[in-house]
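Here the sequence shown is numbered in the working numbering, starting from 5 and rising by one per residue.
Reading through the structure tokens given below for one structure.
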Amino acid sequence: MPYEGEFAQYKPLRRLVESERVQKLLGSYKVRTPSDNTNSLQILQPIQIQAGDWIPERLIAIDGSHAEVNIKNGFPGAEASYVTVACVILDVAKMQKLDQQRPVNPKEFKTIEKAESIDCALPGCNVISEGEKSAKDSLRKSIFEVLSAVRMCEDGESLLDTYEALLKYKPTTDQTGQTQKCPYEDCPQKNDYLRGDGQYTCSCELARSLYSTDALRIHERMNPAGTNGAIFGEIMQVWERLWMVHILRTLESKKWLSSLRRLAIILDGQLAVFGQPAWISQAIYQELCRINTVAKRFTEGKDILILGVEKTGTFVEHFENLDRKENGGFGNFPCQSVGLLTDSYIKQNIIFSDSTRPYGDATYFGRKFFYKTKCGARLVVTLPFLAPQHRDLTQAEQSHYPRLADAVGLLDKLVSSRFPNALVPLVSANAEAAIPLRLGNKVLEKLAKELMADNGR
Ligand SMILES: [Zn+2]
């Protein structure tokens, strides 16, 4: 027993180590031999890419943050969460001019960005709002109310309208054939959740409030007696992506889609939705395809350019390892090259899986690639699926990524000189999002008008 000395005082630990069942389990785990990076790189075959010279006039960057705080209301462990999603609009020409005087003076940088944000405080454990019976019901109500209150244009649709448009794509049963249950556990009819728009009532005699946003199912995992950081993370993630669709739908309803010729959207994180509300990712996919088809009539056939950029996680680590030389420095992966990922590459090299379902099938609405910029920054980027053929992960060709050349050309120009492997617009959005309770203004509306005003050029 080699652990004798070390574990002598930890009886439970020794019991675990000696347990036959535990040993059997550990023995059955698959252990991946540390991969030979040169080998992985050979399989991946980075492609030198001719970057496009398209530069948008404006960039919209979206990023959110959430922070849980303890509140004193007489109940133990009472918690609320500040959730904020910021949307920053950058003038690319001005940004490039400033960029030549690197490092950019942050004060001067402020003059080229405008921000809009969703800011709210949501109830968590032991926080019950007026007229509600539990923290869970209070949270459900708050999610609904925040979405109804936010809109990009005074006379345009609300974020709730955007959400309800996506809800129409949701199948009535989940992947396992299960239906959603009524959010009230004591519902006398033991009803399935009755899906609807807006706020309405359960069909049982108690006739309590139901909301269209209950279909997100975020409340189902709420912990009534502890911290709920994970679900506030899910809420933030949904709002960021919802906001992106909201911008596009508002441009459409205002007949401003032609402005997409000169606009790109960058989202912090993957083009995916995880956890309870993951279903919305496939609704977003369908809606993006629809809007893109309409938009192409106004953009000389150009697809919408949306980029998701992730800063951390297994893909980021893997890319770093690929690029690491034996002496510890970087440079294995050539600059201005992309690594286009197939399902089998991902499952064999990044996220181990035997599954026959394609990686991220239920959660992603885009596909990933690695890009090393002109100046050597490593970026893990997702571009959206804008047609069914983009979803074919058995292959990875440039044609599977809408506007890949334009995307990498843009990324070359957006890399931050202050932060390694980060993008200037996301640094700005993050700076905005990191401040809770900023009051939004209607800058997006102004922006769209600006872009439309010089439409004749
Ligand atoms: Zn009921």
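Glycine is no exception: its CB is placed at the ideal position from the N, C-alpha and C atoms.
Please read all numbers here as calculations on a predicted model, not as lab measurements.
What is the DSSP secondary structure of residue i, counted as helix, strand or coil?
i	result
Ala-229	coil
Ala-71	strand
Val-298	helix
Phe-423	coil
Val-92	strand
Asp-57	coil
Ile-132	coil
Ala-82	coil
Arg-155	strand
Ser-162	strand
Lys-140	helix
Arg-25	helix
What's the C-alpha gap between residue i and residue j?
i	j	result
Thr-205	Tyr-375	50 Å
Tyr-197	Met-156	30 Å
Tyr-188	Lys-145	13 Å
Pro-429	Lys-98	13 Å
Arg-422	Thr-180	47 Å
Thr-386	Leu-292	14 Å
Leu-390	Val-298	12 Å
Ile-354	Lys-315	16 Å
Asp-307	Ile-295	10 Å
Leu-45	Leu-326	6 Å
Thr-80	Arg-245	Correcting the residue identity first, residue 80 is Pro in this sequence and not Thr. Approximately 34 Å, taken between the alpha carbons.
Ser-177	Ile-53	Reading off the sequence, residue 177 comes out as Thr, not Ser. Near 43 Å, if we compare the C-alpha coordinates of Ile-53 and Thr-177.
Ala-71	Glu-24	43 Å
Gly-68	Val-87	7 Å
Val-412	Ala-381	12 Å
Gly-370	Lys-329	30 Å
Pro-60	Gly-305	16 Å
Gly-332	Thr-360	36 Å
Glu-120	Glu-436	9 Å
Glu-22	Phe-356	28 Å
Cys-379	Lys-172	44 Å
Asp-272	Ser-420	15 Å
Glu-161	Ile-270	22 Å
Pro-424	Asp-416	13 Å
Gln-280	Met-240	13 Å
Leu-252	Val-131	35 Å
For residue i, verify whether its CB is less than 6 Å away from any heavy atom of ligand 2.
i	result
Pro-228	Ligand 2 is absent from the structure shown, which contains only ligand 1.
Across which residues does DSSP place residue i in a beta bridge pair?
i	result
Lys-1	Outside the shown range of the chain, which is 5 to 461, sits residue 1, and nothing can be said about it.
Cys-124	Val-87
Thr-386	Gly-312, Lys-372
Gln-52	Ser-341
Ser-262	In DSSP, Ser-262 forms no bridge with anything.
Leu-63	Leu-94, Ala-268
Is residue i close to chain D, meaning its C-beta is less than 7 Å from at least one C-beta of that chain?
i	result
Asn-331	Going by chain labels, chain D is absent from the structure shown, which holds only one protein chain.
Quiz prompt | Any beta strand (DSSP E) of 3 or more consecutive residues that is wholly inside the segment 188 to 257 | solution = 203 to 205, 213 to 215
Self-check item: Contact shell at 7 Å, judged by CB to any heavy atom of ligand 1, ordered along the chain
Solution: Cys-186, Tyr-188, Cys-191, Pro-192, Gln-193, Asn-195, Cys-206, Ser-207, Cys-208, Leu-210, Arg-212
Quiz item: Curious, which full-length beta strand (DSSP E) runs of at least 3 residues does the segment 330 to 380 contain?
Solution: 341 to 344, 370 to 376
Practice problem: Quick one: which unbroken alpha helix (DSSP H) runs of 4-plus residues sit fully inside the segment 272 to 330? Chain order, please. | Solution: 283 to 299, 318 to 327
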